[in-house]
Amino acid sequence: MRNDHVTLRSTAVFDLLAPQAPAVPVQVELRYDTRDPYAVVAAFRTGRAGWVEWVFARDLLADGLIAHAGEGDVTIRPVVDDPEVVAIELSSPSGHAVFEASAQELADFLDRTYDVVVPGNENLWVDVDEALTRLLPHDLG
Numbered sequence: 461m462r463n464d465h466v467t468l469r470s471t472a473v474f475d476l477l478a479p480q481a482p483a484v485p486v487q488v489e490l491r492y493d494t495r496d497p498y499a500v501v502a503a504f505r506t507g508r509a510g511w512v513e514w515v516f517a518r519d520l521l522a523d524g525l526i527a528h529a530g531e532g533d534v535t536i537r538p539v540v541d542d543p544e545v546v547a548i549e550l551s552s553p554s555g556h557a558v559f560e561a562s563a564q565e566l567a568d569f570l571d572r573t574y575d576v577v578v579p580g581n582e583n584l585w586v587d588v589d590e591a592l593t594r595l596l597p598h599d600l601g
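Count along the sequence shown from 1, then add 460; that gives the number in my numbering.
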């Protein structure tokens with residue numbers, strides 16, 4: 461486990477797609493924290509109400525830049541008629557949303573994460589004792 465933790469942040473604008481309506485630009489903050497080296501956080505600005513965060517695998521984002529990736533709540537895929545754009549589809553019990561984002565911006569963000577934690581070396585950054593402390597109840601007696 462490494463002790464020199466880093467948090468990367470990048471802002472972008474994703475287009476929220478809706479049927480029979482123009483795309484709506486949404487501010488998004490992408491975050492990568494070495495304390496959770498397998499994950500990426502996408503925080504979507506929801507106006508005055510604040511932010512809605514989605515957490516998904518860094519590998520899912522990488523795979524989705526190349527081909528359709530993911531099953532269930534998060535899928536990511538290149539847009540068929542525009543390889544410069546990636547579609548990100550989010551589903552939850554409270555709704556469904558499809559966003560389009562710049563493939564280059566996402567790739568640049570991923571490259572920055574790879575500079576910090578090389579793919580395949582994520583396990584070197586995981587503090588198992590700390591994770592167990594968070595998962596287990598403090599009062600075992």
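From the three backbone atoms N, C-alpha and C, an ideal C-beta is built for every residue, glycine too.
Keep in mind the model is a prediction, meaning the values are calculated, not measured.
The stretch 503 to 517 and the stretch 571 to 589 do not touch, with fewer than 3 CB-CB distances between them shorter than 8 Å. The C-beta distance from V488 to A503 rounds to 7 Å, short enough to fall under 8 Å. For A481, there is no enclosing alpha helix (DSSP H); the enclosing beta strand (DSSP E) covers residues 481 to 493. No Cβ-Cβ contact shorter than 8 Å links V558 with L490.
The straight-line gap separating the alpha-carbon atoms of D575 and D589 is approximately 26 Å.
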